[in-house]
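Student:
Number of protein chains: 2
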Amino acid sequence: MDTARLKSSTWEGTKVLITGGAGFIGSTLAIRASERGADVTVIDSLIPEYGGCLYNLDPVKSKIRINLSDIRDSYSLRPLIENVDILFNLAGQTSHMDSMKDPHTDLTINCMAQLNLLEICRQFNPNIRIIFASTRQIYGKPAYLPVDENHSINPVDINGIHKYAAELYHGLYGKVHGIRTCILRLTNTIGPRMRIKDAKQTFVGIWVRQILEGAPIEVWGGEQLRDFNDVEDVVQAMLIASQDKNCFGKVFNLGSEEKVSLLKLANMLIDLHGSGEIKIMAYPPERKKIDIGDYHSSFARFKDMTGWEPALTLEQTLRRTLDYYSDHLSVYI
Amino acid sequence: MDTARLKSSTWEGTKVLITGGAGFIGSTLAIRASERGADVTVIDSLIPEYGGCLYNLDPVKSKIRINLSDIRDSYSLRPLIENVDILFNLAGQTSHMDSMKDPHTDLTINCMAQLNLLEICRQFNPNIRIIFASTRQIYGKPAYLPVDENHSINPVDINGIHKYAAELYHGLYGKVHGIRTCILRLTNTIGPRMRIKDAKQTFVGIWVRQILEGAPIEVWGGEQLRDFNDVEDVVQAMLIASQDKNCFGKVFNLGSEEKVSLLKLANMLIDLHGSGEIKIMAYPPERKKIDIGDYHSSFARFKDMTGWEPALTLEQTLRRTLDYYSDHLSVYI
Chain P
72 MDTARLKSST WEGTKVLITG GAGFIGSTLA IRASERGADV TVIDSLIPEY
122 GGCLYNLDPV KSKIRINLSD IRDSYSLRPL IENVDILFNL AGQTSHMDSM
172 KDPHTDLTIN CMAQLNLLEI CRQFNPNIRI IFASTRQIYG KPAYLPVDEN
222 HSINPVDING IHKYAAELYH GLYGKVHGIR TCILRLTNTI GPRMRIKDAK
272 QTFVGIWVRQ ILEGAPIEVW GGEQLRDFND VEDVVQAMLI ASQDKNCFGK
322 VFNLGSEEKV SLLKLANMLI DLHGSGEIKI MAYPPERKKI DIGDYHSSFA
372 RFKDMTGWEP ALTLEQTLRR TLDYYSDHLS VYI
Chain H
72 MDTARLKSST WEGTKVLITG GAGFIGSTLA IRASERGADV TVIDSLIPEY
122 GGCLYNLDPV KSKIRINLSD IRDSYSLRPL IENVDILFNL AGQTSHMDSM
172 KDPHTDLTIN CMAQLNLLEI CRQFNPNIRI IFASTRQIYG KPAYLPVDEN
222 HSINPVDING IHKYAAELYH GLYGKVHGIR TCILRLTNTI GPRMRIKDAK
272 QTFVGIWVRQ ILEGAPIEVW GGEQLRDFND VEDVVQAMLI ASQDKNCFGK
322 VFNLGSEEKV SLLKLANMLI DLHGSGEIKI MAYPPERKKI DIGDYHSSFA
372 RFKDMTGWEP ALTLEQTLRR TLDYYSDHLS VYI
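The listed protein sequences correspond, in order, to chains P and H. So the first sequence is residues 72 to 404, counted in my numbering. So the second sequence is residues 72 to 404, counted in my numbering.
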């Protein structure tokens, strides 16, 4: 991996803004960017159903600026964005079921606020660089594997439709208004600081909670293949993309060569923890309608462009995740 | 064309709702549906910049219900939708330049109101049939010609992004909630009742005004190929689709075999009118960024499914359009 561009000197004094910066990925990014010398501000709404958690930022709380606000508050965004060099745009409603139950809220967060944010950039900070965190969810049920960036877009829920619209906004503001934007489509991202209270962010979160609490891991289906990225690898990818001029105006998948069935993943967790059991659950009908079967990503385009590839194996990720939550369980449940 | 399904008996007592029903296509549809015996209600906001014009409905004003309201008014929609058999969903912000200047308004009309409308259908009228009027604009610059429904989606403006999101909503509410929705992607639609005050709806509108007022026709570029549908053919397509169960859950292009350059079209208008001149205009830079070059549609999928094809030639359309506006110019400028 070409880490030369990530040396600390590049980041000294760089003004970084992270929306959703108290969340799982956002907080990890805030820590790593701050360690490299960046001048970091995070925005987070701390909506209880989402991923924001102030404890996530504990290691850097004295070094960064934490602005608690909602990206839907259009007036507060302007002064926060005006002087920023790099915006890591991670805030969003991410629950698929919630988007189906309350599509309006998903629209206001994932589209309206995004459009407003880009308008502020266009008007008041056109030199900004933006890394937008998108999701493999927009591909829907794969027509082929691994899924690359040319795969057709078939969102299976309102969340996917809105995330894709937000991608298109970022692309359009690049093409028409010259804003440098790069879109990263994340696959399943896991690791310390993820939400484990429930399955709203990732099913692996609730599994970690179940195993640490001595409850059976509830596996829905089980045969589906998935790929996983450690949050540190995802953060590394975002930092790299933000420094590489060839990444702007483009869309990239992240992903992993390592793909496992859900059942295999559950068994890996049990082996690493030393105990645990699995309870196979029947898919409820409303979930079946949006089931996508197997999924894994090709990240060849991003690897070819930047040299990035995952540094951590799935086993390493699961081990350090279990360790983190063994130490901090009470904070996260 | 299989006109059997369009015989009046099918329509007697059918409750039809048309959003944007005082507009160009909506009013023509209201007239034809009412003639067939349907019980027609139209909704229109009459926003001056859009296509709504009460005079358009003059031929049927005593036979239909005209409800002047904005589809963004969520509470008024429910009682209007609750007992409807067929919804022709035509209301929208359609100006591409306006969507770039004021993306927020485009979002509220083309996404938020659409989502709300579909939620009302899901909750209170799941047996409704919906024909959604979409646009060829979502394809962006063609990768090949004629453009069929498998062409990639590359919107060149905010309006295209939002129209595509609204398409995806309609598809999703079909797949997940069982609402019968059919999407028609319209190409350039022209004819009596189109907006001729300016080019907000179609450039052919302002050309008709210019030629009738003795001003030169302002042609931007001129070599670009386009296809055109007469509004009566488009209305026929919508009526057919609404009666054909095989059309639901699907997306269809409309279009024409006849494609002409803009310059040829301007000359056809001048020949039919008997006088006129052309002024070639240089493309302004902000327009050039979203220029798509040549465009024409394949409507083979819809023809194969329903037998529909355009009945009127471009010359017939232009002739009857000039006749209509010669008689009614003062009403429309």
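Glycine included, each C-beta is placed from N, C-alpha and C at the ideal position. For clarity, every value in this text was computed on a predicted model and none was experimentally measured.
For a contact defined as C-beta to C-beta under 7 Å, what are the partners of Leu186 (chain H) on chain P?
Tutor: By 1-based counting over the second sequence, the position of residue 186 (chain H) is 115. Correct list: Pro174, His175, Leu178.
Student: Between the C-alpha atoms of Asn138 (chain P) and Asn225 (chain H), what's the straight-line distance to the nearest angstrom?
Tutor: Here residue 138 (chain P) is taken as the residue at index 67 of the first sequence, counted from 1. Here residue 225 (chain H) is taken as the residue at index 154 of the second sequence, counted from 1. When rounded, the distance between both Cα atoms is 36 Å.
Student: I'd like the list of long-range same chain contacts for Asp110 (chain P), defined as Cβ closer than 7 Å, with 5 residues on each side in sequence excluded.
Tutor: By one-based count along the first sequence, residue 110 (chain P) stands at place 39. Once the five neighbours on either side are set aside, the close Cβ partners of Asp110 (chain P) are Gly84, Thr85, Lys86, Val87.
Student: For the beta strand (DSSP E) that Arg251 (chain P) lies in, which residues bound it at each end?
Tutor: As a working mapping, residue 251 (chain P) is identified with position 180 in the first sequence. Note, Arg251 (chain P): beta strand (DSSP E), 251–257.
Student: What is the rounded straight-line gap between the Cα of Met72 (chain P) and the Cα of Cys124 (chain P)?
Tutor: Taking the first residue of the first sequence as position 1, residue 72 (chain P) is located at position 1. Taking the first residue of the first sequence as position 1, residue 124 (chain P) is located at position 53. With a pLDDT of 44 at Met72 (chain P), under the threshold of 50, the modelled position of that residue is not reliable, and the figure given next carries that caveat. Roughly 31 Å between the two C-alpha positions.
Student: Leu128 (chain P) and Ser147 (chain P) look like a contact to me (Cβ under 8 Å); what is the Cβ gap, rounded to whole Å?
Tutor: By 1-based counting over the first sequence, the position of residue 128 (chain P) is 57. By 1-based counting over the first sequence, the position of residue 147 (chain P) is 76. Not quite, the Cβ-Cβ distance comes to about 19 Å (not below 8 Å), so this is no contact.
Student: Under a Cβ-count criterion, where at least 16 other Cβ atoms within 10 Å of its own Cβ denotes burial, should Glu190 (chain H) be classed as buried or exposed?
Tutor: By one-based count along the second sequence, residue 190 (chain H) stands at place 119. By the 10 Å Cβ count, Glu190 (chain H) comes out buried.
Student: Can you tell which of P:Gly163, P:His167, P:Ser145 has its C-alpha closest to the C-alpha of Cys187 (chain P)?
Tutor: Position 116 of the first sequence, counted from the first residue, corresponds to residue 187 (chain P). What sits at residue 187 (chain P) in the sequence shown is Asn, not Cys. When only C-alpha atoms are compared, the closest one is P:Ser145.
Student: Leaving out five residues before and five after Asp394 (chain P) in sequence, what residues of the same chain have Cβ atoms less than 6 Å from its Cβ?
Tutor: Counting from 1 along the first sequence, the entry for residue 394 (chain P) is found at position 323. Cβ neighbours of Asp394 (chain P) beyond the five flanking positions: none.
Student: How do the stretch 344–357 of chain H and the stretch 189–203 of chain H stand: do at least 3 beta-carbon pairs fall below 8 Å, yes or no?
Tutor: Taking 8 Å as the limit for Cβ pairs, the verdict is that the stretch 189–203 of chain H does not touch the stretch 344–357 of chain H.
Student: Between Val290 (chain P) and Leu333 (chain P), how many whole angstroms is the CB-CB distance? I'm expecting something under 8 Å.
Tutor: Sequence index remark: in the first sequence, residue 290 (chain P) carries index 219 (1-based). Sequence index remark: in the first sequence, residue 333 (chain P) carries index 262 (1-based). About 5 Å separates the two Cβ atoms, so the contact holds.
Student: Who are the near neighbours of Ile311 (chain H) in its chain, counting only those whose CB is closer than 6 Å to its CB and skipping five residues on each side?
Tutor: Here residue 311 (chain H) is taken as the residue at index 240 of the second sequence, counted from 1. The residues are Thr377, Trp379.
Student: Measure how close the beta-carbons of Ile199 (chain H) and Met309 (chain H) come, nearest whole angstrom, since I'm counting them as under 8 Å.
Tutor: Position 128 of the second sequence holds residue 199 (chain H). Position 238 of the second sequence holds residue 309 (chain H). About 15 Å separates the two Cβ atoms, so there is no contact after all.
Student: How would you write the range of the alpha helix (DSSP H) that Trp278 (chain P) sits in, first residue to last?
Tutor: Residue numbering aside, residue 278 (chain P) sits at position 207 when the first sequence is read from its first letter. 274–283 is the extent of the alpha helix (DSSP H) around Trp278 (chain P).
Student: So which residues on chain H does Pro226 (chain P) lean against when the C-beta distance must stay under 8 Å?
Tutor: For the purposes of this step, residue 226 (chain P) is taken as the residue at position 155 of the first sequence. Here the neighbours are Leu239, Leu243.
Student: At which residue ranges does the stretch 85–138 of chain P contain complete alpha helix (DSSP H) runs of 4 or more residues, listed in the order of the chain?
Tutor: Runs found: 95–106.
Student: Give a yes or no on whether the minimum CB-CB distance between Glu220 (chain H) and chain P is below 8 Å.
Tutor: Taking the second sequence and counting its residues from 1, the one referred to as residue 220 (chain H) is at position 149. No, Glu220 (chain H) does not count as interfacial toward chain P.
Student: Under DSSP, the alpha helix (DSSP H) around Val402 (chain P) begins and ends at which residues?
Tutor: Reading the first sequence from its first residue, position 331 is the one you call residue 402 (chain P). That run of the alpha helix (DSSP H) goes 385–403.
Student: I need the straight-line Cα distance from Arg143 (chain H) to Ile351 (chain P), nearest angstrom please.
Tutor: The residue labelled residue 143 (chain H) in the question sits at position 72 within the second sequence. The residue labelled residue 351 (chain P) in the question sits at position 280 within the first sequence. Approximately 45 Å, taken between the alpha carbons.
Student: Look at the alpha carbon of Gln387 (chain H) and the alpha carbon of Lys330 (chain H), and state the distance between them as a whole number of angstroms.
Tutor: Taking the second sequence and counting its residues from 1, one reaches residue 387 (chain H) at position 316. Taking the second sequence and counting its residues from 1, one reaches residue 330 (chain H) at position 259. The straight-line gap from Cα to Cα measures roughly 14 Å.
Student: List, from N- to C-terminal side, the beta strand (DSSP E) runs of 3 residues or more that fit wholly inside the stretch 160–230 of chain H.
Tutor: Whole beta strand (DSSP E) segments, 3+ residues: 200–206.
Student: Determine the extent of the alpha helix (DSSP H) in which Val290 (chain P) is found, giving its start and end residues.
Tutor: Stepping through the first sequence from its first residue, residue 290 (chain P) is reached at position 219. No alpha helix (DSSP H) contains Val290 (chain P), which is instead part of the beta strand (DSSP E) from 288–291.
Student: Would you decide whether Pro217 (chain H) is buried or exposed? Buried here means 16 or more other CB atoms lie within 10 Å of its CB.
Tutor: Counting from one through the second sequence, the residue named residue 217 (chain H) turns up at place 146. Classification of Pro217 (chain H): buried, given that the 10 Å Cβ count is 16 or more.
Student: Express the C-alpha separation of Lys316 (chain H) and Ile209 (chain H) in angstroms, rounding to a whole number.
Tutor: As a position in the second sequence, residue 209 (chain H) is number 138, starting the count at 1. As a position in the second sequence, residue 316 (chain H) is number 245, starting the count at 1. Near 25 Å, if we compare the C-alpha coordinates of Lys316 (chain H) and Ile209 (chain H).
Student: Verify the CB distance criterion: does Met168 (chain P) have a CB-CB separation below 8 Å to chain H?
Tutor: To locate residue 168 (chain P), count along the first sequence from 1; it is residue 97. No, its Cβ sits nowhere closer than 8 Å to a Cβ of chain H.
Student: Quick one: Cα of Glu220 (chain H) to Cα of Gly163 (chain H), how far?
Tutor: Residue 220 (chain H) sits at position 149 when you count from the first residue of the second sequence. Residue 163 (chain H) sits at position 92 when you count from the first residue of the second sequence. Answer to the nearest angstrom: the Cα atoms are 22 Å apart.
Student: Along chain H, which residues have their Cβ under 8 Å away from the Cβ of Leu232 (chain P)?
Tutor: The residue you call residue 232 (chain P) lines up with position 161 of the first sequence. The sequence given here has Ile at residue 232 (chain P), not Leu. Chain H residues near Ile232 (chain P): Ala236, Leu239, Tyr240, Leu243.
Student: What ranges does the alpha helix (DSSP H) occupy inside the stretch 332–374 of chain P, keeping only unbroken runs of at least 4 residues that lie completely in it?
Tutor: Counting whole runs of 4 or more residues, the stretch 332–374 of chain P contains the alpha helix (DSSP H) stretches 333–344, 356–359.
Student: Could you name the residues that DSSP lists as bridge partners for Val322 (chain H)?
Tutor: Mapped onto the second sequence, residue 322 (chain H) falls at position 251. BP columns for Val322 (chain H) point to H:Ile254.
Student: Asp315 (chain P) lies in the beta strand (DSSP E); which residues open and close that run?
Tutor: What you label residue 315 (chain P) is simply residue 244 of the first sequence in a count that begins at 1. Counting along the chain, Asp315 (chain P) falls outside any beta strand (DSSP E), and DSSP gives it neither H nor E.
Student: Counting only Cβ pairs nearer than 9 Å, list the residues of chain H close to Met339 (chain P).
Tutor: Mapped onto the first sequence, residue 339 (chain P) falls at position 268. None at all; the shortest Cβ gap to chain H is about 33 Å.
Student: Is the stretch 254–274 of chain P touching the stretch 317–325 of chain P in the sense that three or more CB pairs, one from each, lie closer than 8 Å?
Tutor: The stretch 317–325 of chain P vs the stretch 254–274 of chain P: in contact.
Student: Out of H:Tyr366, H:Asn160, H:Tyr215, H:Met171, state which residue places its alpha-carbon closest to the alpha-carbon of Ile114 (chain H).
Tutor: Numbered from 1 along the second sequence, position 43 holds the residue referred to as residue 114 (chain H). Answer by Cα proximity: H:Asn160.
Student: Taking all protein chains shown into account, decide if Asn154 (chain H) is buried (16 or more other Cβ within 10 angstroms of its Cβ) or exposed.
Tutor: In the second sequence, the residue the question calls residue 154 (chain H) occupies position 83. That one is exposed.
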